[in-house]
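Undergrad: After the structure tokens below, expect a handful of questions from me.
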Amino acid sequence: MKAALKTAKGEFEVTDVERPAIPHPDWVLARVRVAGICGTDLRHWKQEEPQLACKIMGHELAGEIVEVGEAVTNVKPGDRVVIETLLGDDTCDWCRVQQYNLCPNLYKVRMETVSRAFAEYVIAPSKKCYKLPGHVSFEEATLLDTFSVGMHGIQLSGIKLNDKVVVIGAGCIGLGQLQLAKACGADVMVTDIVDPALQLAKELGADAVVNTKTEDGRKKVLEFTDNRGADIVFECAGGSAMPMTLSEAVSFARIGGKVVIVGGFEKDQKALELDWSHIQMSEISLIPSASYSFWGIYPEMQMCLDLLAKGKLNARKLITHSFPIDDINKAFDTARKKEETNAVFVALNI
Ligand SMILES: [Zn+2]
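Start counting the sequence shown at 390; every next residue gets the next number (our numbering).
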């Protein structure tokens with residue numbers, strides 16, 4: 390099968406590799422149709438990481454079931470599915486209660502199995518396959534991983550009707566967070582430093598947008614919240630922006646408010662300066678959110694699929710670019726240079 394393998398220098402080489410075989414009776418083989426490029430993937434782009442050389446990456450995917458193991462009952466060949474790639478070791482205390490996003494072996498297990506979307510075929514446990522209704526396209530379904538990350542942040546935040554919410558960062562994650570917060574009945578302000586991204590936030594229902602490069606973010610938040618500050622701030626920018634955006638998030642929160650950390654940290658970000666005295670005296674809660682899993686009895690990805698299918702989440706507007714897998718390097722460049730290309734979600738057709 391065709392697959393994009395990571396090179397030691399952090400680019401990709403499209404080549405032929407052996408097709409994976411179903412390893413357990415409750416697993417499936419699927420033909421990947423669309424895979425997405427996410428912020429986590431971009432952090433490895435053009436980084437010299439010899440340990441990733443010759444590996445297949447990619448963890449946002451939708452496709453068709455081709456073959457099922459003998460114990461599989463929930464899907465059959467021909468079914469269109471989105472595949473959840475958060476797979477733990479199924480043996481630890483956290484996996485036991487479906488909090489596999491916290492599994493200590495999560496990264497290792499998923500990298501060796503289902504997190505291999507940049508290829509024609511992938512194997513996965515059947516329980517990680519969610520059937521797509523006919524009107525949900527593969528491309529749209531590929532965004533369900535992103536939406537699920539936002540869903541987990543929403544659940545941890547305890548958001549309520551009429552809450553005043555600020556979302557920092559109008560990339561894929563932030564625009565998903567915005568839509569979910571709106572669906573919960575909150576008033577939502579979105580901040581970013583790129584105007585076209587803010588324009589998209591407006592089109593997706595933001596009640597207010599602020600370019601924090603050119604405007605005073607805190608002043609705008611106070612105006613938006615009757616001088617109190619936000620009930621909940623979702624940090625969704627992450628990466629190299631984090632030292633600035635996390636401190637901004639704290640300054641946007643009201644006394645007794647919450648900051649939910651959805652964006653990812655760079656590996657070497659060990660110490661970040663924050664106004665700790667203010668955090669303590671104002672009892673601002675910092676809530677870290679890691680990927681997604683189940684909330685109560687429901688898989689968070691299924692919840693997002695339901696919302697997408699009912700039209701309460703818009704994925705189509707976020708898909709700005711599509712490339713064939715052969716152009717994966719071009720696709721990554723486009724996603725990386727988003728200030729030039731206005732890329733939000735870049736899809737790979739496989
Ligand atoms: Zn585990």
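We put the CB at the ideal spot given by N, CA and C, even for glycine.
These numbers were taken from a predicted model, which means no experiment stands behind them.
Distance check for I512 and R408, CA to CA, integer angstroms please.
TA: As a working mapping, residue 408 is identified with position 19 in the sequence shown. As a working mapping, residue 512 is identified with position 123 in the sequence shown. Going from the Cα of R408 to the Cα of I512 covers about 9 Å.
Undergrad: Pick from V421, K516, C518: whose alpha carbon is nearest that of A392?
TA: By one-based count along the sequence shown, residue 392 stands at place 3. Closest by alpha carbon: V421.
Undergrad: Can you tell me the Cβ-Cβ gap for I426 and S546, rounded? I've got them flagged as a contact below 8 Å.
TA: Walking along the sequence shown from the start, residue 426 turns up at place 37. Walking along the sequence shown from the start, residue 546 turns up at place 157. Not really, about 27 Å apart at Cβ, beyond 8 Å.
Undergrad: Would a C-beta distance cut-off of 9 Å place C573 and L593 closer than the cut-off?
TA: Here residue 573 refers to the residue found at position 184 when the sequence shown is read from its first residue. Here residue 593 refers to the residue found at position 204 when the sequence shown is read from its first residue. No; because the gap between Cβ atoms is not below 9 Å, this pair is not in contact.
Undergrad: Comparing alpha-carbon positions, which option in C518, A626, E612 lies nearest G539?
TA: The residue given as residue 539 occupies position 150 in the sequence shown. Selected option, being the one with the closest Cα: A626.
Undergrad: Where does V503 fall in DSSP's three states?
TA: Locating residue 503 in the sequence shown gives position 114, counting from the first residue. If DSSP states are grouped into helix, strand and coil, V503 belongs with coil.
Undergrad: Does the region 438–452 come close enough to the region 500–509 to have 3 or more Cβ pairs within less than 8 Å?
TA: With the cut-off at 8 Å, the region 438–452 and the region 500–509 touch.
Undergrad: Checking 9 Å against the spacing of the C-beta atoms, do E529 and R705 come in under that value?
TA: Here the question's residue 529 lines up with position 140 in the sequence shown. Here the question's residue 705 lines up with position 316 in the sequence shown. Contact: yes.
Undergrad: Here's a check: name, in chain order, each residue in its chain whose Cβ is nearer than 7 Å to the Cβ of P493, leaving out the five neighbours to either side.
TA: Walking along the sequence shown from the start, residue 493 turns up at place 104. Answer for P493: C481, listed in chain order.
Undergrad: Quick one: give me the first and last residue of the beta strand (DSSP E) that A392 is part of.
TA: Here residue 392 refers to the residue found at position 3 of the sequence shown. Counting along the chain, the beta strand (DSSP E) containing A392 begins and ends at 391–395.
Undergrad: Which one of L589, A397, K609 has the shortest CA to CA distance from V554?
TA: Against the sequence shown, residue 554 aligns to sequence position 165. Taking only the C-alpha atoms, the option nearest V554 is K609.
Undergrad: Would you call the region 660–673 in contact with the region 637–651, where contact means no fewer than 3 C-beta pairs closer than 8 Å?
TA: They touch, by the three-pair rule.
Undergrad: Span of the beta strand (DSSP E) holding M578?
TA: Your numbering for residue 578 matches position 189 in the sequence shown. Residues 576–581.
Undergrad: Can we count N616 as close to ligand 1, meaning its CB is less than 8 Å from some heavy atom?
TA: In the sequence shown, counting from the first residue as 1, residue 616 sits at position 227. Incorrect: N616 has no Cβ contact closer than 8 Å to ligand 1.
Undergrad: First and last residue of the beta strand (DSSP E) that includes P677?
TA: Locating residue 677 in the sequence shown gives position 288, counting from the first residue. 674–677 is the extent of the beta strand (DSSP E) around P677.
Undergrad: Pull up the CB-CB distance for L567 and A595, whole angstroms please, since I reckon it's below 8 Å.
TA: Here residue 567 is taken as the residue at index 178 of the sequence shown, counted from 1. Here residue 595 is taken as the residue at index 206 of the sequence shown, counted from 1. About 6 Å separates the two Cβ atoms, so the contact holds.
Undergrad: Below 6 Å CB to CB, which residues in the same chain sit around T580 once its five sequence neighbours on both sides are set aside?
TA: As a working mapping, residue 580 is identified with position 191 in the sequence shown. Within the same chain, T580 has close Cβ partners I557, V599, T601, G606.
Undergrad: Less than 9 Å between the C-beta atoms of E744 and R469, yes or no?
TA: Residue coverage of the chain in this structure runs from 390 to 739, which leaves residue 744 outside it and unanswerable.
Undergrad: For G452, which beta-bridge partners are listed by DSSP?
TA: Start at 1 with the first residue of the sequence shown, and residue 452 comes out as number 63. Answer by DSSP bridge pairing, in chain order: V421, V470.
Undergrad: Just to confirm, is the Cβ distance from T377 to K517 under 9 Å?
TA: This structure leaves residue 377 out entirely; the chain is present only between 390 and 739.
Undergrad: Using 10 angstroms around the beta-carbon of P439, count the other beta-carbons present and answer buried if the total reaches 16, otherwise exposed.
TA: For this step, residue 439 is matched to residue 50 along the sequence shown. That one is exposed.
Undergrad: Using only the heavy atoms of ligand 1, determine whether one of them is closer than 8 Å to the beta carbon of P493.
TA: Sequence index remark: in the sequence shown, residue 493 carries index 104 (1-based). It does: the Cβ of P493 is within 8 Å (strictly closer) of some heavy atom of ligand 1.
Undergrad: Does the pairing of the region 428–437 with the region 651–660 give three or more beta-carbon distances under 8 Å?
TA: Yes, the region 428–437 touches the region 651–660.
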